[in-house]
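**Student:** I have a structure I would like to understand better, so I am pasting it below and will then ask my questions one at a time.
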Amino acid sequence: MTARDDASRAQIRAADPAASAWVMANAGSGKTRVLTDRVARLMLQRTPPERILCLTYTRAAAAEMQERLFRRLGEWAMLPEDRLRAAIAQLREDGAPPLSDEDIACARTLFAQALETPGGLKIQTIHAFCDALLRRFPLEAGVPPGFRVLDDRSAALMRAGLRDAMARAAEAGTDPAFDLMAGLVAEQQLEEVAAAILSERTLFPPGAGRAELARALGVDPALTPAALLDRVLGPQGRALLARIVPRLAAGSANDVKAAGRIAEALACTRPEAALELLERVFLSGPSAQLPHAARIGKFPTKDTRAALGADLAPLEQMMARCESAREPRLALAALDRAEILHRFARALIDRDEAAASAAGAVGFDGLIAHAHRLLHRSEAAAWVLWKLDGGIDHILVDEAQDTSPEQWQVIAALAEEAIAGEGARAARRTIFAVGDVKQSIYSFQGARPRAFGEMRDRFRDRLRAAGDSLTEVPLLWSFRSAAPILALVDGVFTGPAVEGLALDGEALHHLPFHADLPGRVELWPWLPPPPSPDPEPWWTPVDAPAPTDPRLTLAERIAERIAAWLREGQAIPDPEALPDIALRPIRPGDIIILVQRRGLLSRAILAELKARGIPVAGADRLAMGSILAVQDILALLRFLSTPADDLSLAAALRSPLFGMDEATLEAVAANRRGLLWQALRRRGPAEVVAVLQDMRDAADFLRPHELIERLLTRHGGRAALLARLGPEIEEAIDELLAQALAFEATELPTLAGFLRWIDSAQSEVRREPDSGGDVVRLMTVHGAKGLEAPVVILPDTGAQRGGRGKPLIGLGGLGFWTGNAADAPERLREARAERAEEEAAERRRLLYVALTRARSLLVVAGAGNEAGLDSAWHGLVRAGMERCGAAARPAPAGLP
Numbered sequence: 013m014t015a016r017d018d019a020s021r022a023q024i025r026a027a028d029p030a031a032s033a034w035v036m037a038n039a040g041s042g043k044t045r046v047l048t049d050r051v052a053r054l055m056l057q058r059t060p061p062e063r064i065l066c067l068t069y070t071r072a073a074a075a076e077m078q079e080r081l082f083r084r085l086g087e088w089a090m091l092p093e094d095r096l097r098a099a100i101a102q103l104r105e106d107g108a109p110p111l112s113d114e115d116i117a118c119a120r121t122l123f124a125q126a127l128e129t130p131g132g133l134k135i136q137t138i139h140a141f142c143d144a145l146l147r148r149f150p151l152e153a154g155v156p157p158g159f160r161v162l163d164d165r166s167a168a169l170m171r172a173g174l175r176d177a178m179a180r181a182a183e184a185g186t187d188p189a190f191d192l193m194a195g196l197v198a199e200q201q202l203e204e205v206a207a208a209i210l211s212e213r214t215l216f217p218p219g220a221g222r223a224e225l226a227r228a229l230g231v232d233p234a235l236t237p238a239a240l241l242d243r244v245l246g247p248q249g250r251a252l253l254a255r256i257v258p259r260l261a262a263g264s265a266n267d268v269k270a271a272g273r274i275a276e277a278l279a280c281t282r283p284e285a286a287l288e289l290l291e292r293v294f295l296s297g298p299s300a301q302l303p304h305a306a307r308i309g310k311f312p313t314k315d316t317r318a319a320l321g322a323d324l325a326p327l328e329q330m331m332a333r334c335e336s337a338r339e340p341r342l343a344l345a346a347l348d349r350a351e352i353l354h355r356f357a358r359a360l361i362d363r364d365e366a367a368a369s370a371a372g373a374v375g376f377d378g379l380i381a382h383a384h385r386l387l388h389r390s391e392a393a394a395w396v397l398w399k400l401d402g403g404i405d406h407i408l409v410d411e412a413q414d415t416s417p418e419q420w421q422v423i424a425a426l427a428e429e430a431i432a433g434e435g436a437r438a439a440r441r442t443i444f445a446v447g448d449v450k451q452s453i454y455s456f457q458g459a460r461p462r463a464f465g466e467m468r469d470r471f472r473d474r475l476r477a478a479g480d481s482l483t484e485v486p487l488l489w490s491f492r493s494a495a496p497i498l499a500l501v502d503g504v505f506t507g508p509a510v511e512g513l514a515l516d517g518e519a520l521h522h523l524p525f526h527a528d529l530p531g532r533v534e535l536w537p538w539l540p541p542p543p544s545p546d547p548e549p550w551w552t553p554v555d556a557p558a559p560t561d562p563r564l565t566l567a568e569r570i571a572e573r574i575a576a577w578l579r580e581g582q583a584i585p586d587p588e589a590l591p592d593i594a595l596r597p598i599r600p601g602d603i604i605i606l607v608q609r610r611g612l613l614s615r616a617i618l619a620e621l622k623a624r625g626i627p628v629a630g631a632d633r634l635a636m637g638s639i640l641a642v643q644d645i646l647a648l649l650r651f652l653s654t655p656a657d658d659l660s661l662a663a664a665l666r667s668p669l670f671g672m673d674e675a676t677l678e679a680v681a682a683n684r685r686g687l688l689w690q691a692l693r694r695r696g697p698a699e700v701v702a703v704l705q706d707m708r709d710a711a712d713f714l715r716p717h718e719l720i721e722r723l724l725t726r727h728g729g730r731a732a733l734l735a736r737l738g739p740e741i742e743e744a745i746d747e748l749l750a751q752a753l754a755f756e757a758t759e760l761p762t763l764a765g766f767l768r769w770i771d772s773a774q775s776e777v778r779r780e781p782d783s784g785g786d787v788v789r790l791m792t793v794h795g796a797k798g799l800e801a802p803v804v805i806l807p808d809t810g811a812q813r814g815g816r817g818k819p820l821i822g823l824g825g826l827g828f829w830t831g832n833a834a835d836a837p838e839r840l841r842e843a844r845a846e847r848a849e850e851e852a853a854e855r856r857r858l859l860y861v862a863l864t865r866a867r868s869l870l871v872v873a874g875a876g877n878e879a880g881l882d883s884a885w886h887g888l889v890r891a892g893m894e895r896c897g898a899a900a901r902p903a904p905a906g907l908p
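The opening position of the sequence shown corresponds to residue 13 in my numbering, with each subsequent residue numbered one higher.
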C-alpha cells in the first residue's frame, strides 16, 4: 500500500493547478491521467475552459484526452453527492479543505461549461493551435486568409513543380541557382535535398551570407585558395619545386610518381586542385598512424633526400605549411559548397512560399514556421501577444520530449506573460509540461531531447526571477508493466547505455504499481545465417531471399509459437481485472509484434501468421509502390492512359491479371511493326484482347475507382491476383481503391491525374493502428508509441544498417552539406560525430519504447548477420538479463 499511496501522491502533486510544474514521467506512469486531472482541477477552481490551452503531440492523443475529460465531467454531473465528493477528493491533496456546497454545485456544471465553450475545449496539437492562430491573424502572419493546409501528397506535387520551374529558369538564364546546384549533386539526389531544405528551412535564414557561413566553419571569409596556395609555397616555392622535380624523376618509383604530381600542381590553373595534389605528395594518407601529417623524414626516399642537398630543409618547411593549410582548404571548399546550397535553398524556399500563397495554402510544416515568425519576428508580434494574453491563463504541454525547438519557441512566447508574472489580468497563471526523454524518438520530425531540459531550466529561472517556482515531479511508478519487465529495463539501460535517456545522466529507476502482477521475459538465441550456402541458380531473382535465410526461419518460429499459445489457451493476467490478479486465455488481440523497420522479416511474419489462419492486422503503413499487385494494376492503368506505353502493357500482360507466359509474349512482340497493342490485336489471344479493348473503351468515361473496380470484379482481376500472390495482397488492393476514392474527392477524376497523384510522395499510406479488433498487430516501434499489450514480441533486434544518411547538417544554426568525413573540415567532422552519437542514443530510446509496451510477457528474438550484435538491441537485452541474474531455460516441449 505504501507504493500505491506514493504513486497517487506523485500524480496529485503533478496535477496541482496552483503551481507550475515540470513532470518527468516513466513509460506507463499515467501521463494522460495527470493531464486530465489537472484540467479538471483548474475548472473546479472556476477557471473558464476557454482560458486553458492543452497542447498534445498527435490528434489521437488530443481526442483521447478530450474523451476522458468529458466522461469524467459527465459522471460528475450525475453522481449522488456522497460519491461526487469522494470522486473529487481522490484528485486533491491530503489535508485539503473540505469541499463547499458551491464547489459541488460548480462540479455539476462543468460538463455543460465544457460543451458550451466557444470553439470547444482547447485540447489540440501544436499544429492545430498554430493553424487557428494563423487564421485569427492572417494578415499579420503574411498568409492567405482562409488558407488550406497542404497534405503530404499535395506538398510533394508542389515540390515537383518547383523543381521543374527552377530548371526552366536556369535554362532561360534568369536564375542560375539550379545550375549551380546541379554541379554539386546528381539529379536523383536533388529531390531529396529539396525536401530536406523545405523541412529544415530554419537552417537557411534570409540574411545568411558568406561571412556568417565562414564564422560557423571557423575560417576567414576573406581567405582564398590562391592566397592559401601562396602561403604554402612561399616566395621561392615554385622555383624550389621546379628544381627538385628532375631529381625526383630520377629516383625510385614512388619518387617518380611524386614528381609527376608536383609538375601537375605547378601547371594547374585552379589553386584548390594544386593544393590537393601537393597534399597527396607531402602528407600521409587517411589510414596512416598519423593521418594527413607532413611526411618529414619519410619523403622523398633516402637516396633522393641526399641528392636534394640544401633544398631539403626548405622542402620540409613547405611540407609543414601544407599540413597546416589542409584544414583551411577543407573549410574553404565547404564554404563554397555551402554558399551554393544557401543560394539554391533561398530560391527554393521563396518559390515554395510564393506557390503556396498563390494556391491559398500553407504547408503542414509551415504552420509552425509562420506562427514562430508571427510571435517573434513580425512587426505585429507585441500586439498579437497582447491579444492572446486576454485568452490564455494556463498552458499544458503533453509529450513535451517530442516538441521541437521551434515549437518550444512558440509555446515560450505564449507563456511569456505567465512566467514574467505580469499580464492583462491578475489571475494566477501557470505553465505545465509532462514528458519522458527516454521516449523521444521523433528526431526526423525536429524533436530534440535536450530542448526538454533546456526549457525546464529556462522556465525555472524565469519563474524564480518573478518570485515563483517550478515544481519538478518524477513519476516513477508504472501502471502497465510487470516487475520482471521493469527490472529488465533498468538492467538494460545501465552505464554507457543510459547516455541520451536521462536529462542529467542519472540511472533509470522504475517501480511497478501492481507489484504482484505476474510477468516473464524471454530472450531467444540469435539465429545466424548458415555457414556456407550453396550458390543459387543464375535465374534466381536478385531480390528474392534464400530459402535458408534465418529471418524466414525466425518468422516461422514466431508464428508457430503464437499458434501454440492460442491453441493451448496460454494463461495471461487479465488487465480488466486489475488490481486483482486473474488469469484468462490469451487472444490474438493481446499480441503486438514490433519491428524497427518494415522489410523482409515483417512481410515473412505476416505471411506465416496468415498461412496458419491467425487473425492479423495489416501493416501500419503501406508503401503502395512496392507491392506487386498494385504495380500490376497501375501498369495496366498506365497503358490505358497512354496506349503507346509498350513497357507498361508488357508488364500487365505478364502479370497475374492476364497470365501471359514469356513465349506467348515473345511471339506477339518479336519482329512487330508499330505498337505492342497493335501487334497484340493481330496475333494475341482473343480473350486477352477482349478484356483490354473493354478496359480501353471504359477508360474514356469511367472514373479511376470505377475503372479499377471493373478490372477487379467484372474481369476477375482480384481473384487472379489473390490466386498467384496470396491473400496478403488483398489489403493493398483495397487500399488502392480507397486511394482512388480519396483522389476523386479532391481532384478532377482523370486517369492521367490519378496516376500522377498516386506516384507522388512514394504513395506511402499511413493508417491508425487498430487496437479494437481481436487481431495480432504487426507494426513499427514508432507506430506503437502510446500503445500497450499483454504480450509484445521483438523479432527485429539486430544492428541496423545505416542508409546514405541525411544530406544536410546544422552547424551554428546554419545548413551545410553533410559530405564525406574525409573531405569535411574539423567543425563539420565534430558535427557529424555529434549527430552519430545522437542517432545511437535515439536507437536506444527506441528500444526503451519497445520494451515498455509489454504488460506481462516480453519476447526478444533476432536473426541475420551477427556483425555489431553486442551494441544492437539483442546484445543490450542479453547484457541486461545477465545483470538481472536471468537463468537459461529450454523452450517448452514441442515448440521451436
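Virtual Cβ for every residue (Gly too), placed ideally from N, Cα, C. Note that this is a predicted model, so its numbers are computed, not measured.
What does DSSP give as the partner residue(s) for M36 in the beta ladder?
**Tutor:** Translated into the one-based positions of the sequence shown, residue 36 becomes position 24. Its beta-bridge partners are G447, P486.
**Student:** Name the DSSP beta bridge partners of R596, please?
**Tutor:** Counting from 1 along the sequence shown, the entry for residue 596 is found at position 584. Bridge partners of R596: I584.
**Student:** Consult DSSP for W829 and reduce its assignment to one of helix, strand or coil.
**Tutor:** To locate residue 829, count along the sequence shown from 1; it is residue 817. In the structure shown, W829 sits in a strand (DSSP, three-state: E or B).
**Student:** Compute the Euclidean distance between the alpha carbons of Q457 and V607, then round it to the nearest angstrom.
**Tutor:** Within the sequence shown, residue 457 is the residue found at index 445, counting from 1. Within the sequence shown, residue 607 is the residue found at index 595, counting from 1. Straight-line Cα distance between these residues: approximately 20 Å.
**Student:** Quickly, what does DSSP pair M11 with across the bridge? List them, please.
**Tutor:** Absent from the model: residue 11. The displayed extent of the chain is 13 to 908, so no value can be given.
**Student:** List the residues that DSSP assigns as beta-bridge partners of P524.
**Tutor:** Locating residue 524 in the sequence shown gives position 512, counting from the first residue. In the DSSP output, where bridge partners are listed per residue, P524 has S490.
**Student:** By how many angstroms is the C-alpha of M77 removed from the C-alpha of L47?
**Tutor:** Here residue 47 is taken as the residue at index 35 of the sequence shown, counted from 1. Here residue 77 is taken as the residue at index 65 of the sequence shown, counted from 1. When rounded, the distance between both Cα atoms is 8 Å.
**Student:** Do L488 and N38 have their C-beta atoms closer together than 8 Å?
**Tutor:** Translated into positions along the sequence shown, residue 488 becomes position 476. Translated into positions along the sequence shown, residue 38 becomes position 26. For the pair L488 and N38, the CB atoms are nearer than the 8 Å cut-off.
**Student:** My assumption, with CB atoms under 8 Å, is that D502 sits in contact with H521. Please give the rounded CB distance.
**Tutor:** Locating residue 502 in the sequence shown gives position 490, where the first residue counts as 1. Locating residue 521 in the sequence shown gives position 509, where the first residue counts as 1. D502 to H521, Cβ: 7 Å. Contact.
**Student:** Just the Cα atoms here: how many angstroms apart are E678 and R693?
**Tutor:** The count along the sequence shown starts at 1 and reaches residue 678 at position 666. The count along the sequence shown starts at 1 and reaches residue 693 at position 681. Each residue's Cα considered, the two are about 14 Å apart.
**Student:** Identify every residue that forms a DSSP beta bridge with H406.
**Tutor:** Here residue 406 refers to the residue found at position 394 of the sequence shown. DSSP lists I64, T442 as partners of H406.
**Student:** Alpha carbons only, please: which of A198, R736, G221 is nearest the one belonging to G827?
**Tutor:** Residue numbering aside, residue 827 sits at position 815 when the sequence shown is read from its first letter. The residue with the shortest Cα to Cα distance from G827 is G221.
**Student:** Any chance you could list the beta strand (DSSP E) runs of at least 3 consecutive residues sitting entirely within the stretch 313-394, in chain order?
**Tutor:** 373-375
**Student:** Looking only at its own chain, which residues have a Cβ that is under 7 Å from the Cβ of K818, when we skip the five neighbours before and after it?
**Tutor:** Counted from its first residue, the sequence shown places residue 818 at position 806. Closer than 7 Å at the Cβ level, and outside the excluded window around K818, lie A208, T830.
**Student:** Helix, strand or coil for L564, going by three-state DSSP, please let me know.
**Tutor:** If you number the sequence shown from 1, residue 564 lands on position 552. Looking at L564 - three-state DSSP - the assignment turns out to be helix.
**Student:** Check whether the Cβ atoms of R795 and A73 lie closer than 8 Å to each other.
**Tutor:** The residue labelled residue 795 in the question sits at position 783 within the sequence shown. The residue labelled residue 73 in the question sits at position 61 within the sequence shown. Correcting the residue type first, residue 795 is Gly in the shown sequence and not Arg. No, these two residues do not count as a Cβ contact at 8 Å.
**Student:** From L196 to D164, what does the alpha carbon distance come to, in whole angstroms?
**Tutor:** As a working mapping, residue 196 is identified with position 184 in the sequence shown. As a working mapping, residue 164 is identified with position 152 in the sequence shown. L196 and D164: Cα-Cα distance of roughly 27 Å.
**Student:** Contact between the stretch 270-283 and the stretch 360-376: three or more CB pairs below 8 Å?
**Tutor:** Taking a cut-off of 8 Å on C-beta distances, the stretch 270-283 does not touch the stretch 360-376, as fewer than three cross pairs fall below it.
**Student:** Bridge partners for A801 per DSSP, in chain order?
**Tutor:** Here residue 801 refers to the residue found at position 789 when the sequence shown is read from its first residue. In the DSSP output, where bridge partners are listed per residue, A801 has A866.
**Student:** Could you pull the DSSP bridge partners for Q136 from this structure?
**Tutor:** In the sequence shown, the residue the question calls residue 136 occupies position 124. Its beta-bridge partners are L67.
**Student:** Could you tell me which residues DSSP pairs with R722 in its beta bridges?
**Tutor:** As a first step, residue 722 must be located in the sequence shown, where it is residue number 710. Answer is none; R722 lacks a bridge partner.
**Student:** Just to confirm my understanding: we take V803, look at its own chain, exclude 5 residues before and 5 after, and list those with CB closer than 6 Å. What are they?
**Tutor:** Taking the sequence shown and counting its residues from 1, the one referred to as residue 803 is at position 791. Excluding its 5 nearest sequence neighbours in each direction, V803 has C-beta neighbours in its own chain below 6 Å: D602, I603, L869, listed in chain order.
**Student:** Are the stretch 62-69 and the stretch 401-420 in contact at 8 Å, needing three or more beta carbon pairs?
**Tutor:** yes
**Student:** Alpha carbon to alpha carbon, what distance is there between H727 and V703?
**Tutor:** The sequence position of residue 703 within the sequence shown is 691, counting from 1. The sequence position of residue 727 within the sequence shown is 715, counting from 1. V703 and H727 have their C-alpha atoms roughly 7 Å apart.
**Student:** Determine the contact status of M90 and R363, defining contact as a CB-CB distance below 8 Å.
**Tutor:** Stepping through the sequence shown from its first residue, residue 90 is reached at position 78. Stepping through the sequence shown from its first residue, residue 363 is reached at position 351. Inclusion of M90 and R363 in the CB contact set at 8 Å is not warranted, their separation being larger than that value.
**Student:** If you follow the beta strand (DSSP E) that G729 is in, where does it begin and where does it stop?
**Tutor:** Residue mapping note: residue 729 aligns to position 717 of the sequence shown, counting from 1. G729 -> not in any beta strand (DSSP E); alpha helix (DSSP H) instead, spanning 729-737.
**Student:** Could you check where the alpha helix (DSSP H) with E743 kicks off and where it finishes?
**Tutor:** Within the sequence shown, the letter at position 731 stands for residue 743. Counting along the chain, the unbroken alpha helix (DSSP H) around E743 starts and ends at 742-758.
**Student:** So, using beta-carbon positions, are G465 and E411 closer together than 8 Å?
**Tutor:** Here residue 465 is taken as the residue at index 453 of the sequence shown, counted from 1. Here residue 411 is taken as the residue at index 399 of the sequence shown, counted from 1. With respect to E411, G465 sits apart: the two C-beta atoms are not nearer than 8 Å.
**Student:** With DSSP run on the structure shown, which of helix, strand or coil describes V628?
**Tutor:** On the sequence shown, position 616 is the one that residue 628 refers to. Residue state, collapsed to three classes: strand.
**Student:** Return the CA-CA distance between C896 and P524, expressed in angstroms with no decimal places.
**Tutor:** Taking the first residue of the sequence shown as position 1, residue 896 is located at position 884. Taking the first residue of the sequence shown as position 1, residue 524 is located at position 512. Taking the straight line from one Cα to the other gives about 16 Å.
**Student:** I'd like the list of long-range same chain contacts for G40, defined as Cβ closer than 8 Å, with 5 residues on each side in sequence excluded.
**Tutor:** On the sequence shown, position 28 is the one that residue 40 refers to. If we look at G40 and ignore the five residues flanking it on each side, its Cβ neighbours are S490, F491, R492, S493, E800, T864.
**Student:** Hey, out of G874, G263, L290, M672, whose CA is closest to D315's CA?
**Tutor:** Stepping through the sequence shown from its first residue, residue 315 is reached at position 303. The residue with the shortest Cα to Cα distance from D315 is G263.
**Student:** Can you tell me whether I821 is helix, strand or coil according to DSSP?
**Tutor:** As a first step, residue 821 must be located in the sequence shown, where it is residue number 809. In the displayed model, I821 falls within a strand according to three-state DSSP.
**Student:** Roughly how many angstroms lie between the CA atoms of A75 and G230, to the nearest whole one?
**Tutor:** By 1-based counting over the sequence shown, the position of residue 75 is 63. By 1-based counting over the sequence shown, the position of residue 230 is 218. Whole-angstrom Cα-Cα distance: 49 Å.
**Student:** Can the beta-carbon of L513 be found closer than 8 Å to that of F505?
**Tutor:** Within the sequence shown, the letter at position 501 stands for residue 513. Within the sequence shown, the letter at position 493 stands for residue 505. Cβ atoms of L513 and F505: closer than 8 Å.
**Student:** Around the C-beta of P157, are 16 or more other C-beta atoms found within 10 angstroms, so that it is buried, or is it exposed?
**Tutor:** Position 145 of the sequence shown, counting from 1, holds the residue named residue 157. With fewer than 16 other Cβ atoms within 10 Å, it is exposed.
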